[in-house]
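K.L.:
If you scroll down you'll find the structure; I have some questions about it.
Here it is as structure tokens:
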């Protein structure tokens, strides 16, 4: 592939399903949750509603931090990371946001800082 490949996403929203915390057979910790995003965006000079449900996974030591342990349904978060394809148990492909930075927020104000800073 020529040139640099960019894969960065920042998305804010609300945790809409209870986070699932597990440990892989290799011992790595994971925290998975579903993020519901809703916003108004400008497109071709018009306002439009944008929304999505995005699966998010936090892996490694970051999955055990205090903020990760406080994620619950209804938590407002801002997530930064990269997208990757994941194949579900039924063989369906979906995009997953692999979080490198998560901020727990309420009403747009930072709460309890950053889960782990982005580089």
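Numbering (the working numbering), first residue to last: 71 to 189.
Backbone N, C-alpha and C define an ideal beta-carbon position, used for all residues, glycine too.
How many whole angstroms separate the CB atoms of residue 106 and residue 86, which I take to be in contact at a CB cut-off of 8 Å?
P.N.:
On the chain shown, residue 106 is found 36 positions in, with the first residue counted as 1. On the chain shown, residue 86 is found 16 positions in, with the first residue counted as 1. Residue 106 to residue 86, Cβ: 4 Å. Contact.
K.L.:
Quickly, what does DSSP pair residue 132 with across the bridge? List them, please.
P.N.:
Indexing the chain shown from 1 puts residue 132 at position 62. Looking at the DSSP assignment, residue 132 forms no beta bridge with any residue, so it has no partner.
K.L.:
Compare the C-alpha of residue 92 against each of 114, 157, 78 and 127 and name the closest.
P.N.:
Taking the chain shown and counting its residues from 1, one reaches residue 92 at position 22. Ranking the options by Cα distance to residue 92, first place goes to 127.
K.L.:
In the DSSP output, what is residue 149 paired with across the bridge?
P.N.:
Here residue 149 refers to the residue found at position 79 when the chain shown is read from its first residue. According to DSSP, residue 149 bridges with 81 and 172.
K.L.:
Check for me: the beta strand (DSSP E) holding residue 109 runs from which residue to which?
P.N.:
Translated into positions along the chain shown, residue 109 becomes position 39. Per DSSP, the unbroken beta strand (DSSP E) holding residue 109 starts and ends at 99-113.
K.L.:
Compute the distance between the beta-carbons of residue 90 and residue 102, then report whether it is under 9 Å.
P.N.:
Within the chain shown, numbered from 1, the residue matching residue 90 stands at position 20. Within the chain shown, numbered from 1, the residue matching residue 102 stands at position 32. Yes, Cβ-Cβ distance for residue 90 and residue 102 is below 9 Å.
K.L.:
Under a three-way DSSP split, which group does residue 138 fall into?
P.N.:
Counted from its first residue, the chain shown places residue 138 at position 68. Helix, per DSSP.
K.L.:
Which residue marks the beginning of the beta strand (DSSP E) containing residue 87, and which one marks its end?
P.N.:
Translated into positions along the chain shown, residue 87 becomes position 17. Looking at the DSSP string, residue 87 is not in any beta strand (DSSP E), and its letter there is neither H nor E.
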